[in-house]
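Going down the list, the protein sequences come from chains Y and S. Per our numbering: the first sequence ends with 359, consecutive numbering throughout. Per our numbering: the second sequence ends with 359, consecutive numbering throughout. Below is one structure; the comments refer to it alone.
Protein chains: 2
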Amino acid sequence: MLLALDAMGGDHAPLETCSGAILACEIFPELEVALVGDKRAIEPLLESASAEVRGRVHMIHAEERITMDEPPAVAIRQKRHSSLRIAMQMVRSGEALGCVSAGSTGAIVAGGVLVVGRIPGIDRPGLGVPLPAVNRISMLIDIGATVRCKPVNLYQFALMGDIYMRKIIGIQSPSIGLLSNGQEQVKGDELILEAHELFRKSSLNFIGNVEGGGIPFGAADVVVCEGLTGNILLKFIEGTGEAIYSLVREELNQRFLPKVGMIFMLPMLKDLWARFNYENLGGTPLLGVNGAVIKAHGRSRAKAICGALRVARDFVSRNGVQSIAEELSEGGTRE
Amino acid sequence: MLLALDAMGGDHAPLETCSGAILACEIFPELEVALVGDKRAIEPLLESASAEVRGRVHMIHAEERITMDEPPAVAIRQKRHSSLRIAMQMVRSGEALGCVSAGSTGAIVAGGVLVVGRIPGIDRPGLGVPLPAVNRISMLIDIGATVRCKPVNLYQFALMGDIYMRKIIGIQSPSIGLLSNGQEQVKGDELILEAHELFRKSSLNFIGNVEGGGIPFGAADVVVCEGLTGNILLKFIEGTGEAIYSLVREELNQRFLPKVGMIFMLPMLKDLWARFNYENLGGTPLLGVNGAVIKAHGRSRAKAICGALRVARDFVSRNGVQSIAEELSEGGTRE
Numbered sequence: 025m026l027l028a029l030d031a032m033g034g035d036h037a038p039l040e041t042c043s044g045a046i047l048a049c050e051i052f053p054e055l056e057v058a059l060v061g062d063k064r065a066i067e068p069l070l071e072s073a074s075a076e077v078r079g080r081v082h083m084i085h086a087e088e089r090i091t092m093d094e095p096p097a098v099a100i101r102q103k104r105h106s107s108l109r110i111a112m113q114m115v116r117s118g119e120a121l122g123c124v125s126a127g128s129t130g131a132i133v134a135g136g137v138l139v140v141g142r143i144p145g146i147d148r149p150g151l152g153v154p155l156p157a158v159n160r161i162s163m164l165i166d167i168g169a170t171v172r173c174k175p176v177n178l179y180q181f182a183l184m185g186d187i188y189m190r191k192i193i194g195i196q197s198p199s200i201g202l203l204s205n206g207q208e209q210v211k212g213d214e215l216i217l218e219a220h221e222l223f224r225k226s227s228l229n230f231i232g233n234v235e236g237g238g239i240p241f242g243a244a245d246v247v248v249c250e251g252l253t254g255n256i257l258l259k260f261i262e263g264t265g266e267a268i269y270s271l272v273r274e275e276l277n278q279r280f281l282p283k284v285g286m287i288f289m290l291p292m293l294k295d296l297w298a299r300f301n302y303e304n305l306g307g308t309p310l311l312g313v314n315g316a317v318i319k320a321h322g323r324s325r326a327k328a329i330c331g332a333l334r335v336a337r338d339f340v341s342r343n344g345v346q347s348i349a350e351e352l353s354e355g356g357t358r359e
Numbered sequence: 025m026l027l028a029l030d031a032m033g034g035d036h037a038p039l040e041t042c043s044g045a046i047l048a049c050e051i052f053p054e055l056e057v058a059l060v061g062d063k064r065a066i067e068p069l070l071e072s073a074s075a076e077v078r079g080r081v082h083m084i085h086a087e088e089r090i091t092m093d094e095p096p097a098v099a100i101r102q103k104r105h106s107s108l109r110i111a112m113q114m115v116r117s118g119e120a121l122g123c124v125s126a127g128s129t130g131a132i133v134a135g136g137v138l139v140v141g142r143i144p145g146i147d148r149p150g151l152g153v154p155l156p157a158v159n160r161i162s163m164l165i166d167i168g169a170t171v172r173c174k175p176v177n178l179y180q181f182a183l184m185g186d187i188y189m190r191k192i193i194g195i196q197s198p199s200i201g202l203l204s205n206g207q208e209q210v211k212g213d214e215l216i217l218e219a220h221e222l223f224r225k226s227s228l229n230f231i232g233n234v235e236g237g238g239i240p241f242g243a244a245d246v247v248v249c250e251g252l253t254g255n256i257l258l259k260f261i262e263g264t265g266e267a268i269y270s271l272v273r274e275e276l277n278q279r280f281l282p283k284v285g286m287i288f289m290l291p292m293l294k295d296l297w298a299r300f301n302y303e304n305l306g307g308t309p310l311l312g313v314n315g316a317v318i319k320a321h322g323r324s325r326a327k328a329i330c331g332a333l334r335v336a337r338d339f340v341s342r343n344g345v346q347s348i349a350e351e352l353s354e355g356g357t358r359e
């Protein structure tokens, strides 16, 4: 299975993207990765790979790269030789079965629509992130492919989230929640009220509105919201993790006894951390485009890039795109 | 100083509201509390108070109470003998200098507008919650007095948050941030873009857009957002705290070594918890109404009710309402 990786995307590219590709090829023997980017920068980074792995990592030269501060749609249109655009063209042409990028979210979404193309029946793609909740993985969609959107977009996010959780994650009849400021049906703005009606009349396993406090407890398998809200929430989650980490470290530096206690607690904290570390969760699928497009976190290091490649591999091998396309062409009804 | 307390509001009323009133009177010798509610239910709950404190706790009988599932504005209009409405009328008439309720947020906002009245120049009041961030308290406004709103409402939230942080919390020239999906000025929906312009042209210490990840790090002293977003975020924060607590407890029950470690870490964890426990932060001021109206958390127990009474007391003694009214009448310019 050949996956294209935007070797130049992300804060730590190309060093960590290349290391991530090697790591993924070591773990998954059927995987081949096309590293798209500046050949001169990439080549020396592959020296550490074994000959066998090296044989499965291919270099595709790209003259340009899209940076974080460029207007995304303009950059995708104009930088025809950018690593991201070439990686996406490989998906469009069928050369690669999927692609991964840790670059600009806006550019990935724009490229998904303009280069890879949408699945018929989907107006706007959505970014769905698997969030760790108590005792389950819950998908939050959309976390930034849109800013504001229409009720029908929220409905399509719900449909795609439902299919993803069934086909890729393997959850039977996933529960769908609509993020709002109260559980009662009358809560929310006009968008949420209209979307609520669409959800209620559908064949989705819609459990009604979900409040912010329900998310960490896994109130629903799929939690649907606009990109603006999802983006603020996701970044808040990441920021909170970092803030708690820095506070605990600061406290530990000032005290002696907790350091002793820490020794006893490390295995537990490691397990808890593993459950919540986004590096283990891997990338975020851009649902609704006609190919497996996975966004990795901008700050991804090798392990996270490897995780995103794993997400792409699972999405491809479980026919994620075809499942969404087929179910939508059948009118979005469930099996 | 006489404060009215809605003795029947909240999940644990009237037991915890009455205990909270007693606790507050024990701590603050100048405080008098009017307990508004069902006299038969309240009276026996005051037996534990000392004679001196008992002399500063007054009972005001109210036949009715407003429940959580009633349409707020209708309930405020029709239940003229409800504990919340009577407490608010005492503020309006000047009998009480402020009031506290742990009841329905919607009813408190409706009562603030319909009974207490708005400060001239304020279109819609906002609920501002002080959030603990790394090394500072940051105010998030609005967290639920509105659902969606107009740019001018966000601007008024910013003005009021600025005054609150200066006059009540004592922060010189508070930094004001606008919550968005990116720091760049072009990020956000139309509302945020227009509000950004209003903020930028004002004399506020506006530092630009703030992302979700900036909140836990105290990116701004005042973070402004619509009520829908603020409500989802605040509830998410509370839910996350509860989820982490339950996960750690579950892990501790399954393991032995961490229990040993816990003994060493308890003092540190207690300190950290104290910094983030909303019970210590007390209530949320409804800014923009013509009186000190403080919303306590629905799940408040005695300690949190006492904290909310303290917030009301500080707001009154530091002339919160007058400060907002005066600065607005001067055109919202800062000293």
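From the three backbone atoms N, C-alpha and C, an ideal C-beta is built for every residue, glycine too. Remember, it's a predicted structure, so these values are computed and weren't measured experimentally.
Here PRO154 of chain Y is buried, its C-beta having at least 16 other C-beta atoms within 10 Å. Taken atom to atom, the span from the alpha-carbon of GLY145 of chain S to that of PRO38 of chain Y is near 55 Å. For ILE46 of chain S, the enclosing alpha helix (DSSP H) covers residues 39-51.
With 16 or more other CB atoms across the displayed protein chains lying within 10 angstroms of its CB, GLN180 of chain Y is buried. Contact annotation: GLY201 of chain Y and ILE231 of chain Y have beta-carbon atoms nearer than 8 Å.
Counting the other CB atoms within 10 Å of its CB gives LYS294 of chain Y a total below 16, which places it among the exposed residues. Nearest in C-alpha terms to HIS321 of chain S, of all of S:ALA65, S:ALA120 and S:ILE167, is S:ILE167. The residues SER204, in chain order, have a CB closer than 6 Å to that of GLY212 of chain S in the same chain once the five nearest residues on each side in sequence are set aside. The bridge partners DSSP lists for PHE230 of chain S are S:ILE200. Taking a contact to require three or more Cβ pairs closer than 8 Å, the stretch 330-342 of chain Y and the stretch 92-111 of chain S do not qualify as touching. Contacts between THR41 of chain S and chain Y, judged by CB atoms closer than 7 Å, are missing: the closest CB pair is about 23 Å apart. Note that the stretch 226-244 of chain S does not touch the stretch 168-177 of chain S; fewer than 3 beta-carbon pairs, one per stretch, sit closer than 8 Å. Under the three-pair Cβ rule at 8 Å, the stretch 109-124 of chain S counts as touching the stretch 307-319 of chain S. SER162 of chain Y has a beta carbon lying at 8 Å or more from every beta carbon in chain S. CYS173 of chain Y carries a coil assignment under DSSP once its states are collapsed to helix, strand and coil.
Boundaries around ILE256 of chain Y are those of the alpha helix (DSSP H), 251-278, since no beta strand (DSSP E) includes it.
Here DSSP, grouped into helix, strand and coil, assigns ILE84 of chain Y to strand.
At a cut-off of 8 Å between C-beta atoms, GLY34 of chain S does not count as an interface residue with respect to chain Y. When S:ASN159, S:PHE280, S:SER106 and S:ARG109 are compared, the shortest CA-CA separation from SER270 of chain Y is found for S:ASN159. Going by beta carbons, LEU311 of chain Y and PRO156 of chain Y fall outside the 8 Å limit. Taken through DSSP and simplified to helix, strand or coil, ALA157 of chain S comes out as strand. Beta-bridge partners of SER162 of chain S (DSSP): S:LEU155. Secondary structure at ALA97 of chain S: helix, using DSSP grouped into helix, strand and coil. Any Cβ of chain S closer than 8 Å to the Cβ of PHE241 of chain Y would place that residue at the interface, and such an atom is present.
Around the beta carbon of PRO198 of chain Y, a 10 Å sphere encloses 16 or more other beta carbons of the protein chains shown; the residue is thus reported as buried. At a Cβ-Cβ threshold of 8 Å, LEU164 of chain S and ILE132 of chain S do not count as neighbours. Taken atom to atom, the span from the alpha-carbon of ALA182 of chain S to that of VAL272 of chain S is near 38 Å. A distance below 7 Å between beta-carbons, with the five flanking residues on each side excluded, links GLU354 of chain S to no residue of its chain. For ALA243 of chain S, the three-state secondary structure derived from DSSP is coil. Distances from the CA of LYS63 of chain S to each of S:CYS49, S:ASP30 and S:HIS85 were compared; the closest alpha carbon is that of S:HIS85. Residues of chain S with a Cβ closer than 8 Å to the Cβ of SER270 of chain Y are, in chain order, VAL158. Close CB contacts of ARG224 of chain S within its chain, under the 7 Å cut and outside five residues either way in sequence, are with PHE230 (chain order). In this structure, ASP186 of chain S lies away from ALA111 of chain S, with their beta-carbon atoms at least 8 Å apart. Between PRO175 of chain S and LEU222 of chain S, the gap from beta carbon to beta carbon is short of 8 Å.
In the displayed model, ARG78 of chain Y falls within a helix according to three-state DSSP.
Residues of the same chain with a CB within less than 6 Å of the CB of ALA65 of chain Y, apart from the 5 flanking positions on each side, are PRO38 in chain order.
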